[in-house]
Structure formats: structure tokens, C-alpha cells
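Visitor: Quick one: this structure, given as C-alpha cells, is what I'll be asking you about.
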Amino acid sequence: MAKDKCIADFLFEQGFNTPPSERVARETLIAGGLTNSTKRNICSDKLRRAQEMLALSLFRACSDHRCQLLATLEAGTRRVVTVADAGCQICGGKKARRSVAWAAYRLGLMGINRVLVIGGTPAEHDEISKHVRSRGSGRDRGRGGSPGQAAMEFRFVDGTRPGRASEAAAALMRWADLVVIWANAPLKHSVSATYAACAAGCREHARLVYASCTGAAAMLDQVVSGIA
1 MAKDKCIADF LFEQGFNTPP SERVARETLI AGGLTNSTKR NICSDKLRRA QEMLALSLFR
61 ACSDHRCQLL ATLEAGTRRV VTVADAGCQI CGGKKARRSV AWAAYRLGLM GINRVLVIGG
121 TPAEHDEISK HVRSRGSGRD RGRGGSPGQA AMEFRFVDGT RPGRASEAAA ALMRWADLVV
181 IWANAPLKHS VSATYAACAA GCREHARLVY ASCTGAAAML DQVVSGIA
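Numbering (this note's numbering), first residue to last: 1 to 228.
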């Protein structure tokens, strides 16, 4: 025999982690005929249908203004419900994930979809790449990405290794719409000098900007605020 589950616990697990958002989610299930206002538990046989109903009806976003704006763009016909950070479908409570989403939107409006980052560590590169992939997979399932925008792509040059040949640097810069020299991250002078020289030697190369903030989230925020 299937066990019942506490409705409040179920809704919290689905990301409705504030009293107002829990109330809206519960009202959605009531309207869909899966529970009523007097019940505290829901039959486990109904959980899958409840998940689907919530996913089709509601979109969760934290109170950050960037997540709220992106939510209105991505929600479609779903109602945007404000939740605590961990339940946010945009950032999931992670600053870098929020910054990647915001950068993809703001830079995408300018036609910038391919970004080359010069400097930083493999761990910082992996952090950005992870959140870019999560945005892409969400887009494929209809749950992520702003409508009408191409997916954002990043490539990285490890700032801790010696500079690359100018031919290789030029090829990477031709690929990119925007090149970011991350000056306050691990970055050998030979690396930054190679790419700065490429930019100075050819006007057809991508736009070049400098970032001085520490951390992936702060770097992306600085780039966006500086050019968008």
C-alpha cells in the first residue's frame, strides 16, 4: 500500500521554500484536484502528477532583480513565484550560476554569444562551464534560456601556463565576439601580452575588455556592467 507524504515537505522539496510560495503551490494542487484545503498529506501515487502540475503552472525565482527579470522572460504562461535562493530555477542559490545567466541575457542582447576568457584557473573555468551547461540543458527541456537568444559559449585560456603562439591566439580571438583579459586572476604576463598584441594588431578581432574582480561571479558581473 502506497504511503502518504506530508504536503508541506513535498512542496519544500520541490523548491517552494517560503510560506507564500508554499501557499501558491498548494492552491495550484487544489485547483488541479490533487488535494483539498483540509488535507495535510498526499498519496504517493499522486506525486508524479503533482510535480508535473507544479512544473507546468509555476516558475520559481528568488528576490534578486536579475533572477526576477529572467524568470519573467523564461516562464512563458507560468506564474512566477518568489522563493528563497535555494529554490530559484535561475540561480539555485549560487552566485556564479546567476551571473552566468545574467551575462548570457545581457550580452546576448548585444549579439555577443561567444566569450573568450584569458586568465583564471581551471577550477574557475570549470565553474563557469558547469553553469553554462546547466543553462543549455534547461533550454533543451524548455526550462531555461531567454526566448529568441542563441546559447552562450565560453572558451578559456589558462593564465597559469606560458603564453600561446600568436597564431593560436589570433585564431581564438577570431572565434570570439568578446575577449576578457582577467587581470586580477592568475595570469602570466606572457599570456596577456600575446592577446593584447593580437588585439592591437588587427581591428577585425573581437572586442577586448579587462576585468579586475576576484571570483567568477564578480568577474562576469564586472564585464556585463562595463559594456552592457
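Here a beta-carbon is modelled for each residue, glycine too, at the ideal position from N, C-alpha and C.
#1: Which whole runs of the alpha helix (DSSP H) in the stretch 171 to 207 are 4 residues long or more, in chain order?
#2: For the alpha helix (DSSP H) holding residue 82, just list the boundary residues, first then last.
#3: Since residue 58 sits in a beta bridge, which residues does DSSP pair it with?
#4: Taking residue 12 as part of the alpha helix (DSSP H), name the residues at either end of that continuous run.
#5: Using a Cβ-Cβ distance under 8 Å, would residue 85 count as near chain C?
#6: Skipping 5 residues on each side, what residues in its chain have a beta carbon closer than 7 Å to that of residue 28?
#7: Compute the Euclidean distance between the alpha carbons of residue 93 and residue 62, then round it to the nearest angstrom.
#8: Check the C-beta distance from residue 113 over to residue 152 and give it rounded, since I have them as a contact under 8 Å.
#9: From this set, 215, 13, 73 and 132, which residue's C-alpha is nearest residue 86's C-alpha?
#10: Opposite residue 118 in the DSSP bridges: which residues?
#11: If you drop the 5 nearest sequence neighbours on each side, which residues of the same chain put their C-beta closer than 6 Å to that of residue 21?
#12: If you reduce the DSSP assignment to three classes, tell me which class residue 227 lands in.
#13: Taking the continuous alpha helix (DSSP H) assigned at residue 67, which residues delimit it?
#14: For residue 144, name the three-state secondary structure that DSSP assigns.
#15: Rank 16, 40 and 51 by C-alpha distance to the C-alpha of residue 32 and give the top, closest one.
Guide: Reading from the atomic positions:
#1: 189 to 201
#2: No alpha helix (DSSP H) contains residue 82, which is instead part of the beta strand (DSSP E) from 79 to 82.
#3: 79
#4: 7 to 13
#5: Among the chains in the structure shown there is no chain C, since it carries only a single protein chain.
#6: 53, 54, 57 and 58
#7: 8 Å
#8: 6 Å
#9: 13
#10: 157 and 181
#11: 81 and 83
#12: helix
#13: 65 to 74
#14: Here the model assigns residue 144 a pLDDT of 48, short of 50, so the residue's position is not dependable, and the following value carries that caveat. Residue state, collapsed to three classes: coil.
#15: 51
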